[in-house]
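Asks: Protein chains in written order, with the working numbering: chain A, 72 to 432; chain B, 72 to 432. Below is the structure I would like to discuss, written out as structure tokens.
Quick look at the structure:
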């Protein structure tokens, strides 16, 4: 099976096997050692001296945690969105009573940092900026370096959804001044879903001290108190942490630079290959994501039929389009446990399946 | 290693092995089939015709979900507490703005349903009752049948923390009229931590339609919408669901009545054994839990030293006391994958370790 969706991503056998380890006491010394080691390694990949917490939940849980730990109801936030996940970030902030100013930009194009600047200069009351690093729904990687520079200039709290970027695309958290950065275990981390990871800067802690949105399960101050003794406030997903611990060993062996370079190669290969099949890319190629490629469904092809044929006849699982892109694009996920050979196989399957997916008539 | 804490509980090898299965698309047909099957089997054990949702999170996340899906800020709730987890339920409701009336009863004793009746008859403004079925911190099983009868009489929404009871202690959800019942995968379910399961009654849905507490990740209406197509709104903990699916096969083979009877035998054996060692039980034996036994630390014994010796010299991991019981009790967890032989081994270890844990002087 070629599972080439943007998460859950394939998990190497050695990591799957790590989950056959028996349960341990999450208040005992063995757990403390594991959690501290995982946290320390994550800090290197995040490139941060800030805090890192493992939260038992999905990436969306991590996004909710970022919001409720930083803001108060009525706080004005700028949500920069050019896709479904940017929209989701705004919906979360809204659900918890933030005053959400949405900078809704064109899907498939990168965010122009100048538009962020304009929005911030126009409205001094904005407290935080919520931004998606890699927009999984469209296959765009926003220029977070440039966006963060603008946000730093205006001294706002910067909350980043890096769920499908971190660990595959370079994100120097401290250098760029990102205050909260959220990722999820089932993306580049080669680990099953069930854990969200978040970094928390000094500036985020200052916001946290003022933040009045209700929180209990996601409360960072509880997480910090428990992490000081190498624990989590609530029973953590022990097996998934076994998997993440093993994955981080593999990460350290390959090295972050090599991992990022591999994703560049794989992403480039996917885009070149797609074009060589006569297909067109949905996203602006100058900002094309190296973790997910979105492809326009060619005229006369039924997207659902294509995905079904790929799944049933070619053992290849790809993703469709979300929301307004449903039926219009399909997506190849290429993050985590992936190499150029995987892309070759996927492209071959697409090439063979396409003619069969033509609509009748 | 004898892991005898009240969760995470030991996981049988066949269940651990089920987690070596490769990832699948959580929007694909294989996942749909698995989730529907798990949900249907859970309904039998819950003894409910209501909805059941799998939430990626710990049991505490499930408790938070129950609260925020049912209540509005300012709603008055009665929190019946006779231990640390009852207190936690109140703290969650309070964090989200409920007006919390705490019926704080003696720890180590069962809740007297008459006191619940008094509290409800005194204050007609109470909207919901939050109660702990099995108080893990003290080793008491409250008489939920009798308590629920009172709550039904007053027609309040009944939210039950059954995290350390359901699947080991009988809890006929519909018969008792429990509106939301929360449990966690790492307890009687022989599954690693990372999933909370909740049932939702018609009455709970009516409350949900009025409930204004902010929610996004835990939102039951989103969960229901996605469950209709056999999915979850957010990427679920796929591997942990593999484990739960396998565990439920084992559940079905043994049968709920046999499982409950086994826990009665194991619980009885633990209590008798503890007493035969000259130790005394912390909890009222008439309501002693069949999933966890709390034991008074005998005079002259250092609890921390006892647990350390048990862990390091006898490969036996037990739990200490929580909060005000720290240093005063220790606890044996006996739920899930446990039989009488396990209790024998544990008791033998305690007997051998006790003299070594006497304080100097």
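Ideal placement from N, C-alpha and C gives every residue a C-beta, glycine not left out.
1. Using a threshold of 8 Å, state whether the C-beta atoms of residue 264 (chain A) and residue 256 (chain A) are closer than that.
2. In whole angstroms, what is the alpha-carbon distance linking residue 253 (chain B) and residue 161 (chain A)?
3. What residue from B:142, B:301, B:182 has the CA that sits closest to residue 165 (chain B)'s CA?
4. At a CB distance below 8 Å, what residues from the segment 230 to 251 of chain B approach chain A? Give them in sequence order.
5. Under 8 Å between C-beta atoms, does residue 367 (chain B) make it to chain A?
6. DSSP state of residue 343 (chain A), grouped into three classes?
7. Can you give me the Cβ contacts of residue 283 (chain A) inside the same chain, cut-off strictly under 6 Å, excluding the 5 residues immediately before and after it?
8. Only counting the same chain, and skipping five residues up and downstream in sequence, which positions put a Cβ closer than 8 Å to that of residue 367 (chain B)?
9. DSSP on residue 337 (chain B), reduced to helix/strand/coil?
10. Measuring CA to CA, which of A:348, A:304, A:182, A:98 is closest to residue 357 (chain A)?
11. Against chain B, with Cβ distances strictly below 8 Å, would residue 415 (chain A) count as a contact?
12. When you compare the CB of residue 282 (chain A) with every CB in chain B, is at least one pair closer than 8 Å?
13. Closer than 9 Å between beta carbons: that is the criterion. Which residues of the segment 78 to 107 of chain B meet it against chain A?
14. Thinking C-beta only, is residue 240 (chain A) closer than 8 Å to residue 341 (chain A)?
15. In chain order, what residues of the same chain lie with their CB nearer than 6 Å to the CB of residue 221 (chain A), ignoring the 5 residues before and after it?
16. Going by CA-CA distance only, name the one from A:262, A:360, A:217 that's closest to residue 90 (chain B).
17. Is the beta carbon of residue 116 (chain A) sitting closer than 8 Å to the one on residue 327 (chain A)?
18. Residue 167 (chain B) versus chain A: which residues are under 8 Å apart at the beta carbon?
19. Express the C-alpha separation of residue 360 (chain B) and residue 414 (chain B) in angstroms, rounding to a whole number.
20. Looking at the C-beta of residue 207 (chain A), does it have a partner C-beta in chain B at a distance below 8 Å?
21. Please determine if the segment 144 to 156 of chain A and the segment 192 to 209 of chain A are in contact, where contact requires at least 3 C-beta pairs separated by less than 8 Å.
22. Can you list the residues of chain B that residue 76 (chain A) reaches, using a CB-CB cut of under 7 Å?
23. Using 10 angstroms around the beta-carbon of residue 177 (chain B), count the other beta-carbons present and answer buried if the total reaches 16, otherwise exposed.
24. Along chain A, in chain order, which residues have C-beta atoms closer than 9 Å to that of residue 213 (chain B)?
25. Could you give the DSSP three-state label for residue 274 (chain A): helix, strand or coil?
26. Taking the beta carbon of residue 173 (chain A) as the centre, do at least 16 other beta carbons fall within 10 Å, making it buried, or is it exposed?
27. Within this structure, are the beta carbons of residue 280 (chain B) and residue 228 (chain B) separated by less than 8 Å?
28. Who does residue 231 (chain B) pair with in a DSSP beta bridge?
29. In chain B, what lies closer than 7 Å to residue 388 (chain A) by C-beta?
30. Check whether the Cβ of residue 403 (chain A) lies closer than 8 Å to any Cβ atom in chain B.
31. Determine the burial state of residue 100 (chain B): buried for a count of at least 16 other Cβ atoms within 10 Å of its Cβ, exposed for fewer.
32. Mapping DSSP to helix, strand and coil, what is residue 399 (chain B)?
33. Have a look at the DSSP bridge pairing and note the partners of residue 175 (chain A).
34. Can you give me the Cβ contacts of residue 338 (chain B) inside the same chain, cut-off strictly under 8 Å, excluding the 5 residues immediately before and after it?
35. Helix or strand or just coil, what does DSSP make of residue 390 (chain A)?
Replies: On the basis of the data shown:
1. Here the question's residue 264 (chain A) lines up with position 193 in the first chain. Here the question's residue 256 (chain A) lines up with position 185 in the first chain. Yes.
2. For the purposes of this step, residue 253 (chain B) is taken as residue 182 along the second chain, with counting starting at 1. For the purposes of this step, residue 161 (chain A) is taken as residue 90 along the first chain, with counting starting at 1. One C-alpha to the other measures close to 29 Å.
3. The residue labelled residue 165 (chain B) in the question sits at position 94 within the second chain. For residue 165 (chain B), the nearest C-alpha among the options comes from B:142.
4. Against chain A - using a Cβ distance shorter than 8 Å - the segment 230 to 251 of chain B contributes no residues.
5. On the second chain, position 296 is the one that residue 367 (chain B) refers to. So, not an interface residue.
6. Residue numbering aside, residue 343 (chain A) sits at position 272 when the first chain is read from its first letter. In the structure shown, residue 343 (chain A) sits in a helix (DSSP, three-state: H, G or I).
7. Numbered from its first residue, the first chain carries residue 283 (chain A) at position 212. Excluding five sequence positions before and after residue 283 (chain A), the CB atoms of its chain that fall closer than 6 Å to its own CB belong to 143, given in chain order.
8. Here the question's residue 367 (chain B) lines up with position 296 in the second chain. Correct list, in chain order: 350, 351, 352, 353, 399, 400.
9. Numbered from its first residue, the second chain carries residue 337 (chain B) at position 266. It is helical.
10. Taking the first chain and counting its residues from 1, one reaches residue 357 (chain A) at position 286. Of A:348, A:304, A:182, A:98, the residue nearest in Cα terms is A:182.
11. Position 344 of the first chain holds residue 415 (chain A). Taking Cβ atoms only, chain B never reaches closer than 8 Å to residue 415 (chain A), which makes this a no.
12. Indexing the first chain from 1 puts residue 282 (chain A) at position 211. No, residue 282 (chain A) lies away from the interface with chain B (no Cβ there is under 8 Å from its Cβ).
13. 78, 79, 80, 81, 82, 84, 87, 88, 90, 91, 92, 93, 94, 95, 96, 97, 98, 99, 100
14. The count along the first chain starts at 1 and reaches residue 341 (chain A) at position 270. The count along the first chain starts at 1 and reaches residue 240 (chain A) at position 169. Taking 8 Å as the Cβ cut-off, residue 341 (chain A) and residue 240 (chain A) do not qualify as a contacting pair.
15. As a first step, residue 221 (chain A) is located in the first chain; it is residue number 150 there, counting from the start. 184, 187, 188.
16. For the purposes of this step, residue 90 (chain B) is identified with residue 19 of the second chain, where counting begins at 1. Checked all of A:262, A:360, A:217; the closest Cα to residue 90 (chain B) is A:262.
17. As a first step, residue 116 (chain A) must be located in the first chain, where it is residue number 45. As a first step, residue 327 (chain A) must be located in the first chain, where it is residue number 256. Between residue 116 (chain A) and residue 327 (chain A), the gap from beta carbon to beta carbon is short of 8 Å.
18. Reading the second chain from its first residue, position 96 is the one you call residue 167 (chain B). For residue 167 (chain B), the chain A residues whose Cβ falls inside 8 Å of its Cβ are 285, 287, in order along the chain.
19. As a first step, residue 414 (chain B) must be located in the second chain, where it is residue number 343. As a first step, residue 360 (chain B) must be located in the second chain, where it is residue number 289. Taking the straight line joining both Cα atoms gives about 15 Å.
20. Here residue 207 (chain A) refers to the residue found at position 136 of the first chain. By the rule that beta-carbons nearer than 8 Å mark a contact, residue 207 (chain A) does not touch chain B.
21. Verdict: yes, contact present.
22. The sequence position of residue 76 (chain A) within the first chain is 5, counting from 1. Within chain B, the residues near residue 76 (chain A) are 96.
23. Taking the second chain and counting its residues from 1, the one referred to as residue 177 (chain B) is at position 106. Exposed, because fewer than 16 other Cβ atoms sit within 10 Å of the Cβ of residue 177 (chain B).
24. Counted from its first residue, the second chain places residue 213 (chain B) at position 142. In chain order: nothing, as chain A lies at least about 21 Å away.
25. Within the first chain, residue 274 (chain A) is the residue found at index 203, counting from 1. It is helical.
26. For this step, residue 173 (chain A) is matched to residue 102 along the first chain. Buried, because 16 or more other Cβ atoms sit within 10 Å of the Cβ of residue 173 (chain A).
27. Numbered from its first residue, the second chain carries residue 280 (chain B) at position 209. Numbered from its first residue, the second chain carries residue 228 (chain B) at position 157. No, Cβ-Cβ distance for residue 280 (chain B) and residue 228 (chain B) is not below 8 Å.
28. Counting from one through the second chain, the residue named residue 231 (chain B) turns up at place 160. Partner(s): B:202, B:252.
29. On the first chain, position 317 is the one that residue 388 (chain A) refers to. Neighbours of residue 388 (chain A) across chain B, judged by C-beta separation under 7 Å: 96, 99.
30. Numbered from 1 along the first chain, position 332 holds the residue referred to as residue 403 (chain A). Cβ-Cβ to chain B under 8 Å: no for residue 403 (chain A).
31. By one-based count along the second chain, residue 100 (chain B) stands at place 29. Exposed is the call here.
32. As a working note, residue 399 (chain B) is residue 328 in the second chain. It is coil, neither helix nor strand.
33. In the first chain, the residue the question calls residue 175 (chain A) occupies position 104. Partner(s): A:152.
34. Walking along the second chain from the start, residue 338 (chain B) turns up at place 267. Hits under 8 Å: 359, 360, 361, 362, 364, 405.
35. As a first step, residue 390 (chain A) is located in the first chain; it is residue number 319 there, counting from the start. In the structure shown, residue 390 (chain A) sits in a strand (DSSP, three-state: E or B).
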